[in-house]
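>
Numbering (this note's numbering), first residue to last: 178 to 348.
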């Protein structure tokens, strides 16, 4: 006769929730520049728009991200990239933070804050205008993008990140 129409726990329950215009504690802690040895291998996505409106993804590591406070995300990008050009134009960008059980989307506009010649990076502050949580009950995120360090000791990567983030913090 009748068919059971009870939806699976993950079907039709995903909801994006506006959280405001401040970075949640999970994000400020992730990008505080501390305990970098535990953060090697984690990747995060920054999406900008090219002049023709096409999305431009950029993968970032914890060695390129700093949260100076709960209103800004500071990024260090290789000089001359398309992402640098897009951020220089000041268009809205989207930063995706994914960790175990957490998916957050932060939108904001970028301001150029300096160049770190020694590190060959252009630096931008993304002023956060909105933060959304993308909750998936029954199918939570298991983690973020991952990358592997090859060809150099992990300790040298951490040391490079510490130096770059100290310079980024001083801007």
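Each residue gets a CB set at the ideal place from its N, CA and C atoms; glycine is no exception.
Could you spell out the range, first to last residue, of the alpha helix (DSSP H) harbouring residue 288?
Here residue 288 refers to the residue found at position 111 of the chain shown. It is not in any alpha helix (DSSP H) - residue 288 instead sits in the beta strand (DSSP E) that spans 279 to 293.
> Taking buried to mean at least 16 other C-beta atoms within 10 Å of its own C-beta, is residue 195 buried or exposed?
Taking the first residue of the chain shown as position 1, residue 195 is located at position 18. Answer is exposed; the Cβ neighbour count stays below 16.
> Pick helix, strand or coil for residue 239, following the three-state DSSP scheme.
As a first step, residue 239 is located in the chain shown; it is residue number 62 there, counting from the start. Reduced to three states, the DSSP call for residue 239 is coil.
> Which partner residues of residue 273 appear in the DSSP bridge assignment?
Locating residue 273 in the chain shown gives position 96, counting from the first residue. Paired residues: 222 and 282.
> Which residues mark the beginning and the end of the alpha helix (DSSP H) in which residue 340 is found?
Here residue 340 refers to the residue found at position 163 when the chain shown is read from its first residue. Looking at the DSSP string, the run of the alpha helix (DSSP H) that includes residue 340 is 331 to 346.
> Compute the Euclidean distance between the alpha carbons of residue 236 and residue 345, then round it to the nearest angstrom.
Here residue 236 is taken as the residue at index 59 of the chain shown, counted from 1. Here residue 345 is taken as the residue at index 168 of the chain shown, counted from 1. Distance between the alpha carbons of residue 236 and residue 345 is about 18 Å.
> Work out the CA separation of residue 215 and residue 313 for me, nearest whole Å.
Mapped onto the chain shown, residue 313 falls at position 136. Mapped onto the chain shown, residue 215 falls at position 38. In a straight line, the C-alpha of residue 313 is about 26 Å away from that of residue 215.
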